[in-house]
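Notes for the one structure printed next.
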Ligand code: GTP
Ligand code: NA
Ligand code: MG
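Residue numbers (full-length UniProt numbering): 127 to 531.
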């Protein structure tokens, strides 16, 4: 078919793993040695992605390490990464966030490469890491499985050339292609406000070519590409597939993971936005109608149980990721009603709401202040705090089954 004749594109790689296992150090090492120095004359030096030119080809790394960014982007339905590198420190082996990172990569069906880092340390025990992986049914190649495991040191640089080579090999197997002449499609990697420049967004071009002057639509907002820089800060006029670029021209900060499309002119951009707004209102109305029907059914049958929850988490990404998981836990018998979801520690108002609605307050990576805890105790409201997502999900399962103590 025609698609097989499209030109190849560079792989987009995300780095995930447990805290302090060396994700940033690894990227720093690669960046130092593999990013061709270009003249910086652009908007800013700091972007959430960078390109590495290796002897075997171009690789794009997303420099927002951690599975949270990965999950946020995925929660919006965009699979921006082609390959996931799971970094595991050789002196620490598998830790809770390593397991989460692996689970995220598996859920996204993204091929995984394990980098066993810190092999320069005297305490390093790469064999233990491999054995531990085997217990998760991830069998390294040398044990007869198909998991690529590369021992590396971000300190000495040992093994990093091999890692880059495996990335290129994996990309070849994946046969990644895109049409630079096709319709433009991209994803927001991150957005921010720069004091001098204004709203800046890092956009990953996935298909087609992005040009200076193009109109871009993100959700229900649009903007014009007024200036564009590559990841070294150099001004550019166009960018093809698998290119992260920083774009100046949005009026509001777009969210990570949002899809970006292009429009011919401002009029066309506005039409897309208006059509989307009207679609959204239709969906919302339909949702309200279906909720009423569900409530009527519950009233007549009395068999549908509702688990009322208030959700609190450290970032918007976590909130959205958890809401996504909760939505999938609903069934014909149990309805999960997230009465409120917010960023930051639970408040007194949350406790009062929970008290009237008999809701449980679930916290991820945030905890209630002493005063709030006291009010909760006096009102008999449960505040449950977790740092590991699986434990939070286990609690939800108990609430669903009605077995939470
Ligand atoms: P978070 O972003 O906080 O999750 O951590 P990270 O995974 O990005 O780890 P980071 O790169 O910040 O490294 C954590 C610590 O490990 C730092 O003190 C690094 O210097 C050290 N470190 C990273 N890689 C290596 C390595 O290969 N060898 C040794 N000896 N130390 C390393
Ligand atoms: Na760190
Ligand atoms: Mg880091």
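Backbone N, C-alpha and C fix where the C-beta goes; we use that ideal spot for every residue, glycine too.
Report task. Give me whichever residues DSSP pairs with residue 388 in a beta bridge. Result -> Counting from 1 along the chain shown, the entry for residue 388 is found at position 262. In the DSSP assignment, residue 388 forms a beta bridge with 342.
Query raised in the report: Are the CB atoms of residue 208 and residue 300 nearer to each other than 9 Å?
Result: Translated into positions along the chain shown, residue 208 becomes position 82. Translated into positions along the chain shown, residue 300 becomes position 174. Going by C-beta atoms, residue 208 is nearer than 9 Å to residue 300.
**Report entry** C-beta contact flag for residue 139 and residue 214 at 9 Å
**Finding:** Counted from its first residue, the chain shown places residue 139 at position 13. Counted from its first residue, the chain shown places residue 214 at position 88. No; because the gap between Cβ atoms is not below 9 Å, this pair is not in contact.
Report task. Could you name the residues that DSSP lists as bridge partners for residue 466? Result -> By 1-based counting over the chain shown, the position of residue 466 is 340. Residue pairing by DSSP puts residue 466 in a beta bridge opposite 436.
Query raised in the report: Less than 8 Å between the CB of residue 149 and some heavy atom of the ligand MG, yes or no?
Result: Residue 149 sits at position 23 when you count from the first residue of the chain shown. At least one heavy atom of the ligand MG is found less than 8 Å from the C-beta of residue 149.
Requested in this report: Check whether the segment 303 to 315 touches the segment 239 to 257, taking contact to mean three or more Cβ pairs, one atom from each stretch, closer than 8 Å.
Outcome: Segments in contact, no.
Requested in this report: Tell me residue 221's beta-bridge partners as DSSP assigns them.
Outcome: On the chain shown, position 95 is the one that residue 221 refers to. Under DSSP, residue 221 shares a beta bridge with no residue.
Query raised in the report: Taking just the CA atoms, how far does residue 377 sit from residue 406?
Result: Locating residue 406 in the chain shown gives position 280, where the first residue counts as 1. Locating residue 377 in the chain shown gives position 251, where the first residue counts as 1. Spanning the two alpha carbons is a distance of roughly 21 Å.
Report task. Run the proximity test for residue 146: is its beta-carbon closer than 8 Å to any non-hydrogen atom belonging to the ligand GTP? Result -> The count along the chain shown starts at 1 and reaches residue 146 at position 20. Residue 146: yes, Cβ under 8 Å from the ligand GTP.
Requested in this report: Work out the CA separation of residue 387 and residue 166 for me, nearest whole Å.
Outcome: Against the chain shown, residue 166 aligns to sequence position 40. Against the chain shown, residue 387 aligns to sequence position 261. With a pLDDT of only 40 at residue 166, under the threshold of 50, the placement of this residue in the model should not be trusted, and no figure is reported.
Query raised in the report: residue 245: beta carbon under 8 Å from a heavy atom of the ligand GTP?
Result: What you label residue 245 is simply residue 119 of the chain shown in a count that begins at 1. Distance from the C-beta of residue 245 to the nearest heavy atom of the ligand GTP is below 8 Å.
Query raised in the report: Just to confirm, does residue 227 get its C-beta within under 8 Å of one of the non-hydrogen atoms of the ligand GTP?
Result: Counted from its first residue, the chain shown places residue 227 at position 101. No, the Cβ of residue 227 stays beyond 8 Å of every heavy atom of the ligand GTP.
Query raised in the report: Can you find a heavy atom of the ligand GTP that lies under 8 Å from the Cβ of residue 143?
Result: Start at 1 with the first residue of the chain shown, and residue 143 comes out as number 17. Because some heavy atom of the ligand GTP lies under 8 Å away, the Cβ of residue 143 counts as near it: yes.
Requested in this report: Rounded to whole angstroms, what's the CA-CA distance from residue 272 to residue 258? Just pull it up for me.
Outcome: For this step, residue 272 is matched to residue 146 along the chain shown. For this step, residue 258 is matched to residue 132 along the chain shown. One C-alpha to the other measures close to 15 Å.
Query - Integer Cβ distance of residue 333 from residue 356, believed to fall under 8 Å - result: Indexing the chain shown from 1 puts residue 333 at position 207. Indexing the chain shown from 1 puts residue 356 at position 230. Incorrect: roughly 18 Å between the Cβ atoms, too far for contact.
**Report entry** Check: residue 154 C-beta below 8 Å from any heavy atom of the ligand GTP
**Finding:** Counting from one through the chain shown, the residue named residue 154 turns up at place 28. Distances between the C-beta of residue 154 and the heavy atoms of the ligand GTP include at least one below 8 Å.
Query - Simplified DSSP state of residue 270, which is helix, strand or coil - result: Taking the first residue of the chain shown as 1, we reach residue 270 at position 144. Coil at residue 270, not helix or strand.
Report task. Check whether the Cβ of residue 281 sits closer than 8 Å to any heavy atom of the ligand GTP, and report yes or no. Result -> Here residue 281 corresponds to residue number 155 of the chain shown, with the count starting at 1. With a cut-off of 8 Å, the C-beta of residue 281 is classified as near the ligand GTP, since at least one heavy atom of the ligand falls inside that distance.
Query raised in the report: Are the Cβ atoms of residue 329 and residue 318 separated by less than 9 Å?
Result: For the purposes of this step, residue 329 is taken as the residue at position 203 of the chain shown. For the purposes of this step, residue 318 is taken as the residue at position 192 of the chain shown. When the beta-carbon positions are compared, residue 329 and residue 318 stay at least 9 Å from each other.
Query - Beta-carbon spacing of residue 345, residue 402 below 9 Å - result: By one-based count along the chain shown, residue 345 stands at place 219. By one-based count along the chain shown, residue 402 stands at place 276. Cβ distance < 9 Å, so residue 345 and residue 402 count as in contact.
Report task. Decide yes or no for the touch test of the segment 352 to 371 against the segment 379 to 399: beta carbon pairs closer than 8 Å, at least 3 of them. Result -> Because the criterion of three Cβ pairs below 8 Å is not met, the segment 352 to 371 and the segment 379 to 399 do not touch.
Query raised in the report: Going along the chain, which residues of its own chain have a beta-carbon closer than 7 Å to the beta-carbon of residue 526, five neighbours each way excluded?
Result: For the purposes of this step, residue 526 is identified with residue 400 of the chain shown, where counting begins at 1. Excluding five sequence positions before and after residue 526, the CB atoms of its chain that fall closer than 7 Å to its own CB belong to 433, 455, 460, given in chain order.
Query - Nearest candidate by alpha-carbon position, reference residue 486, set 518, 446, 435, 479 - result: Reading the chain shown from its first residue, position 360 is the one you call residue 486. Answer by Cα proximity: 435.
Query raised in the report: Just the Cα atoms here: how many angstroms apart are residue 220 and residue 255?
Result: Against the chain shown, residue 220 aligns to sequence position 94. Against the chain shown, residue 255 aligns to sequence position 129. Cα to Cα, the separation comes out at about 7 Å.
Query raised in the report: How many angstroms separate the CA atom of residue 508 from the CA atom of residue 284?
Result: Your numbering for residue 508 matches position 382 in the chain shown. Your numbering for residue 284 matches position 158 in the chain shown. Computed Cα separation, rounded: 50 Å.
Query - Three-state secondary structure (DSSP) of residue 497 - result: Looking up residue 497 in the chain shown gives position 371. Three-state DSSP puts residue 497 in a helix.
Requested in this report: Can you have a look at residue 380 and say buried or exposed, based on whether 16 or more other CB atoms are within 10 angstroms of its CB?
Outcome: One-based indexing of the chain shown puts residue 380 at position 254. Looking at its Cβ environment, which holds 16 or more other Cβ atoms inside 10 Å, residue 380 is buried.
**Report entry** Continuous alpha helix (DSSP H) stretch holding residue 443: start and end
**Finding:** On the chain shown, residue 443 is found 317 positions in, with the first residue counted as 1. Where residue 443 is concerned, the enclosing alpha helix (DSSP H) starts and stops at 442 to 455.
Query raised in the report: By the 10 Å Cβ neighbour count, where 16 or more other Cβ atoms means buried, how is residue 400 classified, buried or exposed?
Result: Numbered from 1 along the chain shown, position 274 holds the residue referred to as residue 400. Exposed: under 16 other Cβ atoms inside 10 Å.
Query - Start-to-end residues for the beta strand (DSSP E) that takes in residue 335 - result: Taking the chain shown and counting its residues from 1, one reaches residue 335 at position 209. No residue range can be given for residue 335, since it is assigned to no beta strand (DSSP E) and is classified by DSSP as neither H nor E.
**Report entry** residue 246 in three-state terms, based on DSSP
**Finding:** Numbered from its first residue, the chain shown carries residue 246 at position 120. The answer is coil: DSSP assigns residue 246 none of H, G, I, E or B.
Query raised in the report: Mind checking whether residue 276 and residue 242 have CB atoms under 9 Å apart?
Result: The sequence position of residue 276 within the chain shown is 150, counting from 1. The sequence position of residue 242 within the chain shown is 116, counting from 1. For residue 276 and residue 242, yes; Cβs fall inside 9 Å.
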